[in-house]
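J.: For reference, the structure I am asking about is given below.
Number of protein chains: 2
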Amino acid sequence: MHAFDVLGDPVRRRILELLAEGELRSGDIVAVIQREFGITQAGVSQHLKVLRDNGFATARVDGPRRIYAVDTRPMQDIDAWLERFRQFWEPKLSALDTEIARGRKQRRADD
Amino acid sequence: MHAFDVLGDPVRRRILELLAEGELRSGDIVAVIQREFGITQAGVSQHLKVLRDNGFATARVDGPRRIYAVDTRPMQDIDAWLERFRQFWEPKLSALDTEIARGRKQRRADD
DNA sequence: CTTTTTTATAAGTCTGAACTTATATAACTA
DNA sequence: TAGTTATATAAGTTCAGACTTATAAAAAAG
Chain A
1 MHAFDVLGDP VRRRILELLA EGELRSGDIV AVIQREFGIT QAGVSQHLKV
51 LRDNGFATAR VDGPRRIYAV DTRPMQDIDA WLERFRQFWE PKLSALDTEI
101 ARGRKQRRAD D
Chain B
1 MHAFDVLGDP VRRRILELLA EGELRSGDIV AVIQREFGIT QAGVSQHLKV
51 LRDNGFATAR VDGPRRIYAV DTRPMQDIDA WLERFRQFWE PKLSALDTEI
101 ARGRKQRRAD D
């Protein structure tokens with residue numbers, strides 16, 4: 001399964017947004033997702049499994065609980081895929097003058 | 001439909017990769033996709049419609065042909081969504097020493 | 001020690017997106 | 001002008017993935 005396939009689901013994207021803010025218990029993730037999407041604990045758990053199996057998240061055991069953390073390695077694949085399109089828009093980062101100048105030149109070429 | 005939903009399909013991703021290299025006729029896109037994915041002209045055309053309808057591509061008329069071009073505005077939404085995860089990995093751009101140092105500090109905190 | 005909590009997984013259900021065939025329409029060609 | 005090319009859309013089909021209920025197993029609580 002490709003990284004984009006994983007992110008092609010709104011529940012999984014939302015879970016990753018939550019994890020980007022810090023580690024969470026499975027149960028806490030379930031509570032938020034149930035409220036926002038109205039699906040069951042088992043449904044959320046299945047999404048968590050997809051994330052684990054595809055490298056987007058890790059889970060450590062804490063008694064009967066699982067503590068989930070984001071793993072952003074697959075995000076880098078997404079980021080890399082986007083690279084081919086970045087030439088079409090202005091860099092978002094603060095950059096050296098040469099980078100800024102390069103960005104402006106690209107912009108002019110596209111307009 | 002969310003931008004990630006659109007990219008959650010391998011055919012559409014491939015079409016966008018092709019368009020990133022430059023404008024293409026519908027028929028040429030169909031030829032490549034038929035060879036790589038084995039689906040019909042109508043199938044490809046439906047994917048092209050999804051891309052048009054969701055702002056990822058534009059089509060201008062040239063006689064009986066349609067010439068497709070990529071529109072990267074929705075990519076920027078993807079890029080923006082990724083922003084929350086970039087703190088977890090090293091910046092790809094050459095950066096000021098402070099940026100590099102900041103990147104390394106983040107990396108250590110995560111390991 | 002029994003009951004409760006936590007959460008992953010199994011097994012079953014269902015629907016919409018990805019596919020097909022068919023075709024309409026516009027443009028081109030001979 | 002008739003036949004061909006190009007391509008979008010309509011209508012129908014199908015199956016994979018997102019969902020449910022049920023439950024097993026581990027840990028915690030009383």
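Chains A and B supply the protein sequences, listed in that same order. If you read the first sequence in the UniProt record's numbering, its first letter stands for residue 1, the second for the next number, and so on. If you read the second sequence in the UniProt record's numbering, its first letter stands for residue 1, the second for the next number, and so on. Using N, Cα and C, we set each Cβ at its ideal position, and we do this for glycine too. For clarity, every value in this text was computed on a predicted model and none was experimentally measured.
#1: How about B:T72: is its C-beta nearer than 8 Å to some C-beta of chain A?
#2: Contact defined as beta carbons within less than 8 Å: I believe A:V50 pairs with A:V6. What is the distance between those atoms, to the nearest angstrom?
#3: Just the chain B side, please: which residues come within less than 8 Å of A:A59 by C-beta, in chain order?
#4: Rounded to a whole number of angstroms, what is the C-alpha to C-alpha distance between B:G8 and B:D53?
#5: Can you say whether B:R65 is buried or exposed, counting buried as having 16 or more other CB atoms within 10 angstroms of its CB?
#6: If we define contact as Cβ-Cβ less than 8 Å, is A:Q76 a contact residue for chain B?
#7: In three-state DSSP terms, what is A:I67?
#8: From which residue to which residue does the beta strand (DSSP E) around B:D62 run?
#9: Of the choices B:T72, B:L18, B:Q41 and B:Q34, whose alpha-carbon is the least far from that of B:G55?
#10: Please report how far the alpha carbon of B:Y68 lies from the alpha carbon of B:G22, in whole angstroms.
#11: My assumption, with CB atoms under 8 Å, is that B:A20 sits in contact with B:D77. Please give the rounded CB distance.
#12: Short of 8 Å in beta carbon distance, which residues of its chain neighbour A:R28, apart from the five on each side in sequence? Order them along the chain.
#13: How about A:F85 and B:M75: are their beta carbons less than 8 Å apart?
#14: Could you spell out where the alpha helix (DSSP H) holding B:E17 opens and where it closes?
#15: Using a Cβ-Cβ cut-off of 8 Å (strictly less than) and excluding sequence neighbours within five positions of B:I39, which residues of its own chain qualify?
#16: Please report how far the alpha carbon of B:F88 lies from the alpha carbon of B:A57, in whole angstroms.
#17: Label B:D62 either buried or exposed according to how many other C-beta atoms from any shown protein chain fall within 10 Å of its C-beta, with 16 as the threshold for buried.
#18: Alpha carbon to alpha carbon, how far is B:V30 from B:A42? Give it in angstroms, no decimals.
#19: Using alpha carbons as the reference points, say which of B:L82, B:L48 and B:R13 lies closest to B:R25.
T.: The structure says:
#1: Within the second sequence, the letter at position 72 stands for residue 72 of chain B. Closer than 8 Å: yes.
#2: Taking the first sequence and counting its residues from 1, one reaches residue 50 of chain A at position 50. Taking the first sequence and counting its residues from 1, one reaches residue 6 of chain A at position 6. Confirmed, about 6 Å.
#3: On the first sequence, position 59 is the one that residue 59 of chain A refers to. Within chain B, no residue comes near A:A59; the closest Cβ sits about 16 Å away, beyond 8 Å.
#4: Here the question's residue 8 of chain B lines up with position 8 in the second sequence. Here the question's residue 53 of chain B lines up with position 53 in the second sequence. If I take the Cα positions, the gap works out to 16 Å.
#5: Taking the second sequence and counting its residues from 1, the one referred to as residue 65 of chain B is at position 65. Exposed: under 16 other Cβ atoms inside 10 Å.
#6: Along the first sequence, read from residue 1 onward, the residue named residue 76 of chain A stands at position 76. Interface residue, yes.
#7: The sequence position of residue 67 of chain A within the first sequence is 67, counting from 1. A:I67: strand per DSSP, three-state reduction.
#8: Stepping through the second sequence from its first residue, residue 62 of chain B is reached at position 62. Run containing B:D62: A57 to D62, per the beta strand (DSSP E) assignment.
#9: Here residue 55 of chain B corresponds to residue number 55 of the second sequence, with the count starting at 1. Taking only the C-alpha atoms, the option nearest B:G55 is B:T72.
#10: Counted from its first residue, the second sequence places residue 68 of chain B at position 68. Counted from its first residue, the second sequence places residue 22 of chain B at position 22. Cα to Cα, B:Y68 sits roughly 9 Å from B:G22.
#11: The sequence position of residue 20 of chain B within the second sequence is 20, counting from 1. The sequence position of residue 77 of chain B within the second sequence is 77, counting from 1. Contact flag wrong, Cβ pair sits at about 17 Å.
#12: Walking along the first sequence from the start, residue 28 of chain A turns up at place 28. Looking at the sequence itself, residue 28 of chain A is Asp, so the reference to Arg does not match. Once the five neighbours on either side are set aside, A:D28 has no close Cβ partner at all.
#13: One-based indexing of the first sequence puts residue 85 of chain A at position 85. One-based indexing of the second sequence puts residue 75 of chain B at position 75. Yes, these two residues count as a Cβ contact at 8 Å.
#14: Indexing the second sequence from 1 puts residue 17 of chain B at position 17. It spans P10 to A20 - the alpha helix (DSSP H) in which B:E17 sits, taken as one unbroken run.
#15: By 1-based counting over the second sequence, the position of residue 39 of chain B is 39. Correct list, in chain order: V11 and I33.
#16: Along the second sequence, one-based indexing puts residue 88 of chain B at 88. Along the second sequence, one-based indexing puts residue 57 of chain B at 57. Computed Cα separation, rounded: 31 Å.
#17: Within the second sequence, numbered from 1, the residue matching residue 62 of chain B stands at position 62. Flag for B:D62 reads exposed.
#18: By one-based count along the second sequence, residue 42 of chain B stands at place 42. By one-based count along the second sequence, residue 30 of chain B stands at place 30. Taking the straight line joining both Cα atoms gives about 9 Å.
#19: Here residue 25 of chain B refers to the residue found at position 25 of the second sequence. Ranking the options by Cα distance to B:R25, first place goes to B:L48.
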